[in-house]
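Residue numbers (my numbering): 1 to 323. For every residue, glycine included, the Cβ atom is placed at its ideal position computed from N, Cα and C. Following: one structure in structure tokens, then a few remarks.
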């Protein structure tokens with residue numbers, strides 16, 4: 001294991017032993033569900049950077065994996081949708097975090113009559129070698145974890161998630177991204193990387209790292225302001241703006257012309273015909289926006305028609321698109 005990952009373990013061991021409300025992330029929105037009460041200790045240990053638990057992904061009692069358990073908030077939220085023993089698997093490399101999470105689940109059991117701690121199977125293991133069977137998971141999640149990894153380790157972590165997902169399975173995740181360059185001093189600071197800051201990739205590179213593994217469909221569901229690295233506070237001469245993204249990557253077959261990446265673009269046909277059909281599976285009805293992936297948006301724009309409008313990326317996509 002590289003030294004930088006040892007530093008990460010130390011950071012999160014400390015965060016497990018003493019909740020750190022100011023640690024790295026702590027800006028993850030907490031989706032509310034009827035009858036679900038999140039313990040205060042889980043809120044204090046909310047070390048994510050986005051909301052990854054969505055009811056639309058979690059139908060029909062899916063088998064769920066969550067990597068990097070934190071205080072257990074996401075595990076509790078996921079178990080709301082699969083109330084069977086070991087319906088949710090939580091994996092973490094830090095013994096102290098696993099124990100803190102287990103303790104917090106006991107608290108959650110007292111607050112939520114429907115919840116049993118047996119719904120969650122806590123396992124010690126690394127994201128780089130998941131203790132999970134091949135093709136056994138419907139939905140896998142991680143929140144502000146993959147951002148920590150360097151290139152080769154990120155590739156391995158994504159390969160492991162891809163391995164354990166069933167065909168059609170979903171990886172839901174949130175990570176910081178940054179389209180500005182960072183200097184070597186920032187990139188080499190192991191603690192800042194562990195704090196989910198200086199491992200931030202440009203968004204296009206982040207998406208490519210996912211599609212290179214084989215995920216055929218990528219959905220950008222949200223993009224949020226996250227952090228500022230300011231001169232005088234960090235080793236930088238310019239202000240660096242970091243955002244976080246919420247992403248769903250689907251283990252679909254890779255299309256022959258490349259992955260379908262949805263960034264919130266829409267196509268609107270406003271011509272005089274009953275509809276427009278590009279004869280590639282995309283039918284546009286008059287003045288009815290159709291969500292389109294970036295690939296389809298580019299193909300429609302290349303037609304140079306004066307009766308089709310293509311919007312820019314909104315960085316919000318909730319399904320119902322062209323593919």
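Distance CB(residue 225)-CB(residue 245) smaller than 8 Å: Numbered from its first residue, the chain shown carries residue 225 at position 225. Numbered from its first residue, the chain shown carries residue 245 at position 245. Contact: no.
Test item: CB-CB of residue 172 and residue 293 under 8 Å: Here the question's residue 172 lines up with position 172 in the chain shown. Here the question's residue 293 lines up with position 293 in the chain shown. In this structure, residue 293 does not lie closer than 8 Å to residue 172 by Cβ.
Close Cβ partners of residue 309 (< 6 Å) along its chain, the five nearest in sequence each way excluded: The residue given as residue 309 occupies position 309 in the chain shown. 268, listed in sequence order.
Cα-Cα separation between residue 78 and residue 181, rounded to whole angstroms: As a first step, residue 78 must be located in the chain shown, where it is residue number 78. As a first step, residue 181 must be located in the chain shown, where it is residue number 181. Taking the straight line joining both Cα atoms gives about 36 Å.
Simplified DSSP assignment, three categories, for residue 328: In the structure displayed, the chain extends from 1 to 323; residue 328 sits before or after that span and is not available.
Three or more C-beta pairs below 8 Å linking the region 125-135 and the region 148-163: Yes, the region 125-135 touches the region 148-163.
Residue 178 vs residue 209 beta-carbon contact at 8 Å: Position 178 of the chain shown, counted from the start, is the residue given in the question as residue 178. Position 209 of the chain shown, counted from the start, is the residue given in the question as residue 209. No; because the gap between Cβ atoms is not below 8 Å, this pair is not in contact.
Assigned exposure category for residue 303 - 16 Cβ within 10 Å defines buried: By 1-based counting over the chain shown, the position of residue 303 is 303. Under this definition residue 303 is an exposed residue.
Residues bridged to residue 277 (per DSSP): Residue 277 sits at position 277 when you count from the first residue of the chain shown. For residue 277, which the question treats as bridged, DSSP gives the partners 283.
Bridge partners - residue 176, DSSP secondary structure assignment: Counting from 1 along the chain shown, the entry for residue 176 is found at position 176. Within the DSSP bridge table, the entry for residue 176 names 244 as partners.
Completely contained alpha helix (DSSP H) runs for the region 153-240, where each covers 4 or more residues: Listed in chain order, the complete alpha helix (DSSP H) runs (minimum 4 residues) inside the region 153-240 are 184-188, 190-194, 203-211.
Residue(s) in a DSSP beta bridge with residue 258: Taking the chain shown and counting its residues from 1, the one referred to as residue 258 is at position 258. Note: residue 258 is not bridge-paired with any residue in the DSSP secondary-structure output.
The region 92-108 in contact with the region 133-141 per 3-pair CB rule at 8 Å: Fewer than three beta-carbon pairs drawn from the region 92-108 and the region 133-141 are found closer than 8 Å, and the two stretches are therefore not classed as touching.
Element boundaries [beta strand (DSSP E), containing residue 269]: Start at 1 with the first residue of the chain shown, and residue 269 comes out as number 269. Bounds of the beta strand (DSSP E) holding residue 269 are 265-269.
Neighbourhood of residue 315 by C-beta distance below 8 Å, restricted to the same chain and skipping five residues each side: Numbered from 1 along the chain shown, position 315 holds the residue referred to as residue 315. 220, 222, 223, 245, 263, 264, listed in sequence order.
Length of the line joining the Cα atoms of residue 299 and residue 313: Counting from one through the chain shown, the residue named residue 299 turns up at place 299. Counting from one through the chain shown, the residue named residue 313 turns up at place 313. Rounded to whole angstroms, the gap between the alpha carbons of residue 299 and residue 313 is 15 Å.
Backbone secondary structure at residue 94 - three-state DSSP: Here residue 94 refers to the residue found at position 94 when the chain shown is read from its first residue. Three-state DSSP puts residue 94 in coil, outside helix and strand.
Contacting residues, own chain, Cβ-Cβ under 8 Å from residue 191 (five flanking each side not counted): Counting from one through the chain shown, the residue named residue 191 turns up at place 191. Contacts found: 7, 11.
Exposure label - residue 296; buried when at least 16 CB within 10 Å: For the purposes of this step, residue 296 is identified with residue 296 of the chain shown, where counting begins at 1. With 16 or more Cβ atoms within 10 Å of its Cβ, residue 296 is classed as buried.
For residue 13, three-class secondary structure by DSSP: Reading the chain shown from its first residue, position 13 is the one you call residue 13. Here residue 13 sits in helix by DSSP.
Backbone secondary structure at residue 309 - three-state DSSP: For the purposes of this step, residue 309 is taken as the residue at position 309 of the chain shown. Strand.
Beta-carbon separation (whole angstroms), residue 87 vs residue 119, contact threshold 8 Å: On the chain shown, position 87 is the one that residue 87 refers to. On the chain shown, position 119 is the one that residue 119 refers to. The Cβ separation is near 6 Å, so the contact holds.
Span separating the alpha-carbon of residue 74 from that of residue 53: Numbered from 1 along the chain shown, position 74 holds the residue referred to as residue 74. Numbered from 1 along the chain shown, position 53 holds the residue referred to as residue 53. A straight line joining the alpha-carbon of residue 74 with that of residue 53 spans about 7 Å.
Short Cβ contact (8 Å threshold) for residue 101 with residue 68: Here residue 101 is taken as the residue at index 101 of the chain shown, counted from 1. Here residue 68 is taken as the residue at index 68 of the chain shown, counted from 1. Taking 8 Å as the Cβ cut-off, residue 101 and residue 68 do not qualify as a contacting pair.
8 Å contact criterion, which residue 65 and residue 42 should meet: CB distance rounded: Taking the chain shown and counting its residues from 1, the one referred to as residue 65 is at position 65. Taking the chain shown and counting its residues from 1, the one referred to as residue 42 is at position 42. Contact check for residue 65 and residue 42: beta-carbon distance about 19 Å, past the 8 Å limit, so the pair fails to qualify.
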